[in-house]
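Participant: So that we are looking at the same thing, I have put the structure below in C-alpha coordinates.
In the numbering used here, the protein residues as written are 19 to 342.
And the structure:
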(Lines of atoms letter the chains of each structure in order from A and count residues from 1; the text may use other names and numbers.)
(Lines give C-alpha, C1' and ligand atoms only; values in the text may rest on other atoms or scores of the structure.)
Protein backbone atom coordinates (compact mmCIF):
# COMPACT_ATOMS: atom_id res chain seq x y z
CA UNK A 1 0.00 0.00 0.00
CA UNK A 2 1.29 3.49 -0.86
CA UNK A 3 0.74 7.02 0.38
CA UNK A 4 0.08 9.82 -2.15
CA UNK A 5 1.94 9.12 -5.43
CA UNK A 6 4.42 11.96 -5.02
CA UNK A 7 4.97 11.95 -1.24
CA UNK A 8 8.62 12.61 -0.43
CA UNK A 9 10.90 10.33 1.58
CA UNK A 10 12.52 12.73 4.05
CA UNK A 11 15.63 11.90 6.05
CA UNK A 12 14.54 11.45 9.68
CA UNK A 13 17.83 10.22 11.09
CA UNK A 14 21.37 9.14 10.33
CA UNK A 15 23.71 6.74 12.12
CA UNK A 16 26.83 4.66 11.68
CA UNK A 17 25.05 2.14 9.45
CA UNK A 18 23.36 4.66 7.16
CA UNK A 19 20.54 7.17 6.81
CA UNK A 20 16.87 6.62 7.69
CA UNK A 21 14.04 8.03 5.56
CA UNK A 22 10.26 8.06 5.80
CA UNK A 23 7.24 9.73 4.24
CA UNK A 24 5.46 12.16 6.54
CA UNK A 25 2.01 10.79 7.27
CA UNK A 26 -0.20 10.13 10.33
CA UNK A 27 -0.59 6.68 11.85
CA UNK A 28 1.27 3.55 10.81
CA UNK A 29 4.19 4.12 8.45
CA UNK A 30 7.45 2.54 7.39
CA UNK A 31 11.04 3.62 7.92
CA UNK A 32 13.69 2.94 5.28
CA UNK A 33 17.17 2.33 6.67
CA UNK A 34 19.59 2.85 3.80
CA UNK A 35 22.99 1.22 3.79
CA UNK A 36 24.35 4.19 1.79
CA UNK A 37 26.88 1.73 0.31
CA UNK A 38 28.62 1.56 3.70
CA UNK A 39 31.24 -1.20 3.45
CA UNK A 40 31.82 -1.43 7.22
CA UNK A 41 28.19 -1.85 8.34
CA UNK A 42 25.51 -3.91 6.64
CA UNK A 43 21.75 -3.44 6.53
CA UNK A 44 21.66 -6.91 4.97
CA UNK A 45 23.08 -8.34 8.21
CA UNK A 46 20.77 -6.06 10.17
CA UNK A 47 17.83 -7.52 8.24
CA UNK A 48 18.89 -11.13 8.82
CA UNK A 49 19.39 -10.62 12.56
CA UNK A 50 16.13 -8.67 12.80
CA UNK A 51 14.25 -11.65 11.32
CA UNK A 52 15.97 -14.04 13.77
CA UNK A 53 15.10 -11.81 16.73
CA UNK A 54 11.44 -11.63 15.70
CA UNK A 55 11.28 -15.41 15.20
CA UNK A 56 12.91 -16.06 18.58
CA UNK A 57 10.53 -13.68 20.31
CA UNK A 58 7.53 -15.32 18.67
CA UNK A 59 8.74 -18.75 19.80
CA UNK A 60 9.25 -17.58 23.38
CA UNK A 61 5.84 -15.94 23.51
CA UNK A 62 4.20 -19.15 22.37
CA UNK A 63 5.36 -20.75 25.64
CA UNK A 64 5.75 -17.74 27.99
CA UNK A 65 3.27 -15.09 26.90
CA UNK A 66 3.57 -13.21 30.21
CA UNK A 67 7.30 -12.50 29.80
CA UNK A 68 8.57 -9.24 28.27
CA UNK A 69 5.10 -7.70 27.86
CA UNK A 70 6.27 -4.09 27.42
CA UNK A 71 9.12 -3.87 24.91
CA UNK A 72 8.67 -3.71 21.15
CA UNK A 73 10.62 -4.52 18.00
CA UNK A 74 9.72 -2.61 14.82
CA UNK A 75 8.10 -5.05 12.41
CA UNK A 76 10.45 -6.26 9.68
CA UNK A 77 8.85 -5.62 6.29
CA UNK A 78 11.27 -5.95 3.39
CA UNK A 79 14.92 -5.81 2.32
CA UNK A 80 15.44 -3.99 -0.97
CA UNK A 81 18.70 -4.46 -2.89
CA UNK A 82 20.43 -1.87 -5.03
CA UNK A 83 19.73 -4.11 -8.04
CA UNK A 84 15.95 -4.16 -7.53
CA UNK A 85 15.31 -2.06 -10.65
CA UNK A 86 11.52 -2.21 -10.46
CA UNK A 87 11.39 -0.94 -6.87
CA UNK A 88 13.85 1.89 -7.46
CA UNK A 89 12.26 3.03 -10.72
CA UNK A 90 8.96 3.45 -8.89
CA UNK A 91 10.41 5.33 -5.89
CA UNK A 92 13.89 6.77 -6.45
CA UNK A 93 12.40 10.19 -7.34
CA UNK A 94 10.90 10.37 -3.85
CA UNK A 95 14.32 10.26 -2.15
CA UNK A 96 16.63 13.31 -1.96
CA UNK A 97 18.25 13.91 -5.35
CA UNK A 98 21.79 13.01 -4.25
CA UNK A 99 20.79 9.56 -2.94
CA UNK A 100 22.08 6.56 -4.88
CA UNK A 101 20.42 3.14 -5.09
CA UNK A 102 21.63 0.96 -2.21
CA UNK A 103 20.52 -1.90 0.03
CA UNK A 104 17.58 -0.62 2.08
CA UNK A 105 15.86 -2.24 5.06
CA UNK A 106 12.17 -1.38 5.42
CA UNK A 107 10.67 -1.72 8.89
CA UNK A 108 7.80 -0.32 10.90
CA UNK A 109 8.44 3.33 11.71
CA UNK A 110 8.76 4.23 15.37
CA UNK A 111 6.53 7.29 15.59
CA UNK A 112 7.92 10.54 17.02
CA UNK A 113 6.36 12.44 19.91
CA UNK A 114 3.81 15.15 19.18
CA UNK A 115 4.18 18.87 19.87
CA UNK A 116 3.07 18.95 23.54
CA UNK A 117 5.47 16.32 24.94
CA UNK A 118 8.20 17.53 22.57
CA UNK A 119 7.94 21.08 23.91
CA UNK A 120 7.99 19.79 27.49
CA UNK A 121 11.18 17.84 26.76
CA UNK A 122 12.77 20.96 25.23
CA UNK A 123 11.80 23.07 28.26
CA UNK A 124 13.32 20.44 30.56
CA UNK A 125 16.56 19.66 28.75
CA UNK A 126 17.51 22.57 26.48
CA UNK A 127 19.39 25.71 27.57
CA UNK A 128 16.95 28.66 27.81
CA UNK A 129 18.42 30.75 25.00
CA UNK A 130 17.93 28.01 22.41
CA UNK A 131 14.45 26.76 23.26
CA UNK A 132 12.43 28.82 20.78
CA UNK A 133 14.79 27.94 17.93
CA UNK A 134 14.64 24.23 18.78
CA UNK A 135 10.84 24.30 19.01
CA UNK A 136 10.68 25.81 15.51
CA UNK A 137 13.16 23.32 14.06
CA UNK A 138 11.74 20.83 11.55
CA UNK A 139 14.41 18.22 12.27
CA UNK A 140 13.57 18.21 15.98
CA UNK A 141 10.04 17.09 15.18
CA UNK A 142 11.61 13.64 14.61
CA UNK A 143 11.71 13.14 18.37
CA UNK A 144 12.78 9.83 19.90
CA UNK A 145 14.33 9.52 23.35
CA UNK A 146 17.14 7.07 24.09
CA UNK A 147 16.60 5.49 27.50
CA UNK A 148 19.94 5.59 29.38
CA UNK A 149 19.17 3.64 32.55
CA UNK A 150 22.88 3.05 33.13
CA UNK A 151 24.13 6.64 33.33
CA UNK A 152 23.45 9.32 35.94
CA UNK A 153 24.66 12.90 35.49
CA UNK A 154 26.65 13.39 32.30
CA UNK A 155 30.39 13.69 32.82
CA UNK A 156 30.34 17.17 31.25
CA UNK A 157 27.94 18.29 33.97
CA UNK A 158 26.03 20.98 32.01
CA UNK A 159 23.58 21.06 29.09
CA UNK A 160 25.13 21.14 25.65
CA UNK A 161 24.24 24.06 23.35
CA UNK A 162 24.16 21.50 20.50
CA UNK A 163 20.72 20.16 21.34
CA UNK A 164 18.75 17.67 19.25
CA UNK A 165 15.67 15.58 19.94
CA UNK A 166 16.65 13.02 17.31
CA UNK A 167 17.68 10.02 19.42
CA UNK A 168 18.06 12.30 22.44
CA UNK A 169 19.89 10.47 25.28
CA UNK A 170 17.90 10.77 28.52
CA UNK A 171 19.85 9.67 31.59
CA UNK A 172 18.43 7.99 34.66
CA UNK A 173 18.17 11.18 36.76
CA UNK A 174 16.32 12.85 33.87
CA UNK A 175 13.96 9.88 33.51
CA UNK A 176 13.24 10.15 37.23
CA UNK A 177 12.69 13.89 36.87
CA UNK A 178 10.12 13.24 34.17
CA UNK A 179 8.26 10.91 36.53
CA UNK A 180 8.76 7.92 34.24
CA UNK A 181 8.33 4.36 35.60
CA UNK A 182 12.02 3.43 35.85
CA UNK A 183 11.34 0.31 37.95
CA UNK A 184 9.06 -1.07 35.23
CA UNK A 185 11.68 -0.13 32.65
CA UNK A 186 14.30 -2.12 34.58
CA UNK A 187 12.00 -5.16 34.77
CA UNK A 188 11.29 -4.94 31.06
CA UNK A 189 14.98 -4.68 30.21
CA UNK A 190 15.63 -7.75 32.36
CA UNK A 191 13.02 -9.66 30.38
CA UNK A 192 14.65 -8.40 27.19
CA UNK A 193 17.99 -9.84 28.29
CA UNK A 194 16.33 -13.19 28.85
CA UNK A 195 13.75 -13.48 26.10
CA UNK A 196 14.14 -10.40 23.85
CA UNK A 197 11.11 -8.13 24.13
CA UNK A 198 7.33 -7.49 23.85
CA UNK A 199 4.52 -4.95 23.67
CA UNK A 200 2.52 -2.67 25.98
CA UNK A 201 2.19 1.05 26.79
CA UNK A 202 2.88 3.20 29.86
CA UNK A 203 1.33 6.48 30.92
CA UNK A 204 3.41 9.53 31.88
CA UNK A 205 2.20 13.01 32.82
CA UNK A 206 4.93 14.59 30.69
CA UNK A 207 5.19 12.22 27.72
CA UNK A 208 1.70 10.72 27.70
CA UNK A 209 1.26 7.11 26.59
CA UNK A 210 4.54 5.71 25.36
CA UNK A 211 6.47 2.48 24.76
CA UNK A 212 9.99 1.07 24.74
CA UNK A 213 11.50 -0.25 21.51
CA UNK A 214 14.59 -2.32 20.76
CA UNK A 215 16.08 -1.69 17.32
CA UNK A 216 19.25 -1.71 15.18
CA UNK A 217 20.70 -5.22 14.84
CA UNK A 218 23.54 -4.59 12.38
CA UNK A 219 26.14 -5.33 15.09
CA UNK A 220 24.27 -8.31 16.56
CA UNK A 221 26.01 -11.69 16.54
CA UNK A 222 24.92 -15.20 17.55
CA UNK A 223 26.28 -16.41 20.90
CA UNK A 224 26.96 -19.90 22.18
CA UNK A 225 25.13 -21.11 25.29
CA UNK A 226 28.30 -21.69 27.31
CA UNK A 227 30.83 -19.66 29.28
CA UNK A 228 32.38 -18.28 26.09
CA UNK A 229 28.95 -17.01 25.07
CA UNK A 230 28.44 -15.42 28.49
CA UNK A 231 31.77 -13.60 28.17
CA UNK A 232 30.72 -12.38 24.72
CA UNK A 233 27.38 -11.13 26.09
CA UNK A 234 29.07 -9.35 29.02
CA UNK A 235 31.47 -7.54 26.69
CA UNK A 236 28.56 -6.47 24.48
CA UNK A 237 26.66 -5.23 27.56
CA UNK A 238 29.37 -2.69 28.34
CA UNK A 239 30.36 -1.84 24.79
CA UNK A 240 26.86 -0.68 23.93
CA UNK A 241 25.45 2.64 25.11
CA UNK A 242 24.31 2.59 28.78
CA UNK A 243 20.68 1.60 28.26
CA UNK A 244 20.54 -0.99 31.05
CA UNK A 245 20.95 -0.26 34.77
CA UNK A 246 24.55 -0.92 35.82
CA UNK A 247 26.19 -2.29 38.97
CA UNK A 248 28.65 0.52 39.72
CA UNK A 249 27.81 0.70 43.43
CA UNK A 250 28.02 4.51 43.58
CA UNK A 251 24.34 5.43 43.93
CA UNK A 252 21.68 3.86 46.15
CA UNK A 253 18.84 4.33 43.65
CA UNK A 254 20.93 2.84 40.84
CA UNK A 255 21.89 -0.12 43.03
CA UNK A 256 18.18 -0.72 43.69
CA UNK A 257 17.42 -0.71 39.96
CA UNK A 258 20.29 -3.11 39.33
CA UNK A 259 18.88 -5.46 41.98
CA UNK A 260 15.45 -5.30 40.33
CA UNK A 261 16.96 -6.09 36.93
CA UNK A 262 19.00 -9.02 38.29
CA UNK A 263 16.05 -10.56 40.15
CA UNK A 264 13.78 -10.32 37.12
CA UNK A 265 16.51 -11.53 34.73
CA UNK A 266 17.18 -14.67 36.78
CA UNK A 267 13.46 -15.44 37.09
CA UNK A 268 12.85 -14.97 33.36
CA UNK A 269 15.96 -16.96 32.42
CA UNK A 270 14.82 -19.94 34.50
CA UNK A 271 11.46 -19.95 32.72
CA UNK A 272 13.09 -19.74 29.29
CA UNK A 273 16.21 -21.89 29.78
CA UNK A 274 15.21 -24.10 32.68
CA UNK A 275 17.74 -24.74 35.44
CA UNK A 276 21.08 -23.34 34.29
CA UNK A 277 24.17 -21.83 35.88
CA UNK A 278 24.80 -19.50 32.94
CA UNK A 279 22.49 -16.58 33.90
CA UNK A 280 24.00 -16.42 37.39
CA UNK A 281 27.51 -16.53 35.93
CA UNK A 282 26.63 -13.70 33.58
CA UNK A 283 25.36 -11.57 36.48
CA UNK A 284 28.56 -12.25 38.43
CA UNK A 285 30.67 -11.29 35.43
CA UNK A 286 28.71 -8.08 34.86
CA UNK A 287 29.04 -7.10 38.52
CA UNK A 288 32.76 -7.85 38.55
CA UNK A 289 33.35 -5.66 35.51
CA UNK A 290 30.86 -2.95 36.47
CA UNK A 291 32.20 -2.37 39.96
CA UNK A 292 35.78 -2.51 38.79
CA UNK A 293 36.73 -1.44 35.32
CA UNK A 294 33.47 -1.15 33.37
CA UNK A 295 34.49 2.18 31.85
CA UNK A 296 37.60 0.54 30.38
CA UNK A 297 35.75 -2.23 28.55
CA UNK A 298 35.13 -0.25 25.39
CA UNK A 299 31.90 1.44 26.44
CA UNK A 300 30.51 3.65 23.74
CA UNK A 301 30.30 7.32 24.78
CA UNK A 302 26.93 7.60 23.04
CA UNK A 303 25.56 7.08 19.56
CA UNK A 304 27.79 4.08 19.01
CA UNK A 305 25.50 2.57 16.41
CA UNK A 306 24.73 -0.66 18.27
CA UNK A 307 21.29 -1.83 19.36
CA UNK A 308 19.22 0.97 20.85
CA UNK A 309 16.37 1.20 23.37
CA UNK A 310 14.17 4.21 22.67
CA UNK A 311 10.89 5.71 23.91
CA UNK A 312 8.19 6.68 21.43
CA UNK A 313 4.59 7.84 21.35
CA UNK A 314 1.76 5.29 21.57
CA UNK A 315 -1.23 5.78 19.26
CA UNK A 316 -4.43 3.86 18.59
CA UNK A 317 -3.49 3.69 14.89
CA UNK A 318 -0.56 1.34 15.43
CA UNK A 319 -2.39 -1.79 14.27
CA UNK A 320 -3.40 -0.44 10.87
CA UNK A 321 -2.02 -1.76 7.60
CA UNK A 322 1.65 -0.77 7.07
CA UNK A 323 2.46 1.74 4.34
CA UNK A 324 5.45 3.65 2.97
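In this text, a Cβ means the ideal position worked out from N, Cα and C, and glycines have one as well.
Residues in its own chain within less than 6 angstroms of residue 158 by CB, not counting five upstream and five downstream?
Facilitator: Once the five neighbours on either side are set aside, the close Cβ partners of residue 158 are 152, 183.
Participant: Could you give the distance in angstroms between the alpha-carbon of residue 231 and the alpha-carbon of residue 103?
Facilitator: In a straight line, the C-alpha of residue 231 is about 32 angstroms away from that of residue 103.
Participant: Cα separation between residue 33 and residue 250?
Facilitator: Residue 33 and residue 250: Cα-Cα distance of roughly 24 angstroms.
Participant: From which residue to which residue does the alpha helix (DSSP H) around residue 135 run?
Facilitator: Taken as a continuous stretch (DSSP letters only), the alpha helix (DSSP H) holding residue 135 covers 133 to 143.
Participant: Considering residue 50, what are the terminal residues of the beta strand (DSSP E) in which it resides?
Facilitator: Residue 50 -> beta strand (DSSP E) spans 48 to 52.
Participant: Please state the DSSP three-state secondary structure of residue 146.
Facilitator: In the structure shown, residue 146 sits in a helix (DSSP, three-state: H, G or I).
Participant: Using 10 angstroms around the beta-carbon of residue 292, count the other beta-carbons present and answer buried if the total reaches 16, otherwise exposed.
Facilitator: By the 10 Å Cβ count, residue 292 comes out exposed.
Participant: In the DSSP assignment, what residue or residues form a beta bridge with residue 250?
Facilitator: None; residue 250 has no bridge partner.
Participant: Roughly how many angstroms separate the alpha carbons of residue 296 and residue 146, rounded to a whole number?
Facilitator: Using only the alpha carbons, I get a separation of about 49 angstroms.
Participant: Starting from residue 289, trace the alpha helix (DSSP H) both ways and give me its first and last residue.
Facilitator: First-last of the alpha helix (DSSP H) with residue 289: 270 to 291.
Participant: Measuring alpha carbon to alpha carbon, tell me which of 43, 25, 47, 63 ends up nearest residue 35.
Facilitator: Minimum Cα distance to residue 35 is reached at 63.
Participant: Hey, quick one: how far does the beta strand (DSSP E) through residue 34 stretch, first residue to last?
Facilitator: Where residue 34 is concerned, there is no enclosing beta strand (DSSP E), given that its DSSP letter is neither H nor E.
Participant: With the cut-off set at 8 angstroms, would you say residue 166 and residue 260 are in Cβ contact?
Facilitator: Contact: yes.
Participant: For residue 84, count neighbouring Cβ atoms within 10 angstroms of its own Cβ and tell me buried if that reaches 16, exposed if not.
Facilitator: Label assigned to residue 84: exposed.
Participant: Hey, would you say residue 160 sits closer than 8 angstroms to residue 149, going by beta carbons?
Facilitator: No. Outside cutoff.
Participant: Of the choices 90, 107, 113, 121, whose alpha-carbon is the least far from that of residue 98?
Facilitator: Answer by Cα proximity: 121.
Participant: To the nearest angstrom, how far is it from the Cα of residue 268 to the Cα of residue 299?
Facilitator: The straight-line gap from Cα to Cα measures roughly 22 angstroms.
Participant: Can you give me the Cβ contacts of residue 49 inside the same chain, cut-off strictly under 6 angstroms, excluding the 5 residues immediately before and after it?
Facilitator: Once the five neighbours on either side are set aside, the close Cβ partners of residue 49 are 38, 40, 125, 127.
Participant: Taking only the alpha-carbon atoms, compute the straight-line gap between residue 75 and residue 262 and give it to the nearest angstrom.
Facilitator: Distance between the alpha carbons of residue 75 and residue 262: 19 angstroms.
Participant: Provide the residue span of the beta strand (DSSP E) that contains residue 91, from first to last.
Facilitator: Premise fails: residue 91 is in no beta strand (DSSP E) and is neither H nor E.
Participant: Expressed to the nearest angstrom, what Euclidean distance is found between the alpha-carbon atoms of residue 280 and residue 107?
Facilitator: Their Cα atoms are separated by approximately 51 angstroms.
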